[in-house]
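*Asks:* In the working numbering, the protein residues as written are -2 to 283.
First the structure, then my questions, so here it is.
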Ligand SMILES: [Zn+2]
Ligand SMILES: [Zn+2]
């Protein structure tokens, strides 16, 4: 029983932290969407369900990944050549941060793209594309297996190549601030706001960019980047016209894997069916 106590304590701490974070996010995004969003694109999914996804996907994958990530980092420290580790240690912090961000974005781009192109992964990722209206909480509308895959592809290369430390050190303030920014930004790019952000759109993923990734037509298989749109420019999947997409969602919810292992697949005639919008395969665009 006593061995359960630290686990329970950590779980309750994480739950409290996530509740506080949810309150902050709601205080920012609810008024933002109310004043600057398209009222016809208001949330349709039940709020309780979206909040359930938020807690599920922020608690479970983090618990499952903590030990494997620590193992990969510790093993990498043993196996990587000493010259490489010395090079990393001598690298200016800002440069190391930029390289880490670029490497993580590169791997996360391909992880995301594969989750569209491999049916095995798509059945889990399709759940993120299910909502017919996209708003800030859609960021959490995921299957936990999809989150595990996304975090693994973004983080494992950093740990395996020695860019991330196995144990948090006192110099980790900037990475933590960057992670907080990335977490906040991932909610922002889903927000139901009609803003265009000018030159910033070349540098950072924005709501218009990511909303096109949620469209219910061939443009869905574009705009895979989570922070740096240059990834999509490099690999020919960038699509950013001057308007927002007309339709969101997926044609057939039965494509989605059940949320619980061995549970029934969602019905294709269920309430989340987005109607007759066309669905076709990817057409590369420069
Ligand atoms: Zn996707
Ligand atoms: Zn999304």
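Just so you know, even glycine gets a beta-carbon here, dropped at the ideal spot from N, CA and C.
Predicted model, so just to flag it, every value in this text is computed and none were measured.
Between which two residues does the alpha helix (DSSP H) holding residue 96 run?
*Replies:* 90 to 114 is the span of the alpha helix (DSSP H), which, as asked, contains residue 96.
*Asks:* What is the C-beta distance between residue 133 and residue 198, in whole angstroms, given that I count them as a contact (C-beta under 8 Å)?
*Replies:* No, residue 133 and residue 198 are not in contact; Cβ-Cβ is about 19 Å, not under 8 Å.
*Asks:* From residue 108 to residue 147, what distance separates their C-alpha atoms?
*Replies:* Those two C-alpha atoms are separated by around 6 Å.
*Asks:* Would you call the stretch 116 to 131 and the stretch 65 to 74 in contact, with 3 or more CB pairs under 8 Å?
*Replies:* Contact fails: fewer than three Cβ-Cβ distances are below 8 Å.
*Asks:* Which class does residue 221 belong to by DSSP, given the choice of helix, strand or coil?
*Replies:* Three-state DSSP puts residue 221 in coil, outside helix and strand.
*Asks:* If you draw a straight line from the C-alpha of residue 207 to the C-alpha of residue 223, how long is it?
*Replies:* Taking the straight line from one Cα to the other gives about 8 Å.
*Asks:* Let me know the secondary structure DSSP gives residue 212 once reduced to three states.
*Replies:* DSSP places residue 212 in strand when its eight states are reduced to three.
*Asks:* Compute the Euclidean distance between the alpha carbons of residue 167 and residue 85, then round it to the nearest angstrom.
*Replies:* Reliability fails at residue 167, whose pLDDT of 48 lies under 50, so the model's placement of it is uncertain and the value that follows must be treated cautiously. Rounded to whole angstroms, residue 167 to residue 85 spans 17 Å at the Cα level.
*Asks:* Starting from residue 160, trace the alpha helix (DSSP H) both ways and give me its first and last residue.
*Replies:* Premise fails: residue 160 is in no alpha helix (DSSP H) and is neither H nor E.
*Asks:* What's the call for residue 144, buried or exposed, on a 16-neighbour Cβ count within 10 Å?
*Replies:* With 16 or more other Cβ atoms within 10 Å, it is buried.
*Asks:* With 16 other CB atoms within 10 Å as the buried threshold, where does residue 239 fall?
*Replies:* Flag for residue 239 reads exposed.
*Asks:* When you compare only the Cα positions, how much space is there between residue 93 and residue 159?
*Replies:* Answer to the nearest angstrom: the Cα atoms are 11 Å apart.
*Asks:* Our contact map puts residue 246 next to residue 129 with C-beta atoms below 8 Å; I'd like the distance itself, whole angstroms only.
*Replies:* Contact flag correct, Cβ pair sits at about 4 Å.
*Asks:* With a threshold of 7 Å on Cβ separation, who are the neighbours of residue 212 within its own chain once the five nearest residues in sequence on each side are excluded?
*Replies:* Taken in chain order, the residues that qualify are 242, 244, 245.
*Asks:* By the 10 Å Cβ neighbour count, where 16 or more other Cβ atoms means buried, how is residue 216 classified, buried or exposed?
*Replies:* Residue 216 should be labelled buried.
*Asks:* For residue 11, I'd like the list of residues in its chain whose CB is within less than 7 Å of its CB, leaving aside the five on either flank, ordered along the chain.
*Replies:* Around residue 11: 56.
*Asks:* Using 10 angstroms around the beta-carbon of residue 16, count the other beta-carbons present and answer buried if the total reaches 16, otherwise exposed.
*Replies:* Exposed, because fewer than 16 other Cβ atoms sit within 10 Å of the Cβ of residue 16.
*Asks:* Whole angstroms is fine: what's the gap from residue 35's alpha carbon to residue 205's?
*Replies:* Spanning the two alpha carbons is a distance of roughly 13 Å.
*Asks:* With DSSP run on the structure shown, which of helix, strand or coil describes residue 16?
*Replies:* Reduced to three states, the DSSP call for residue 16 is helix.
*Asks:* DSSP three-state label for residue 150, please.
*Replies:* Note: residue 150 maps to helix in three-state DSSP.
*Asks:* Where residue 137 and residue 101 are concerned, what is the direct C-alpha to C-alpha distance, given to the nearest angstrom?
*Replies:* Between residue 137 and residue 101, the C-alpha separation is close to 20 Å.
*Asks:* How should residue 267 be labelled, buried or exposed, when 16 other C-beta atoms within 10 angstroms of its C-beta is the threshold for buried?
*Replies:* Because residue 267 sits at a pLDDT of 42, beneath the cut-off of 50, its placement in the model cannot be relied upon, and the following sentence gives the value as read from the coordinates. When all chains shown are included, residue 267 counts as exposed.
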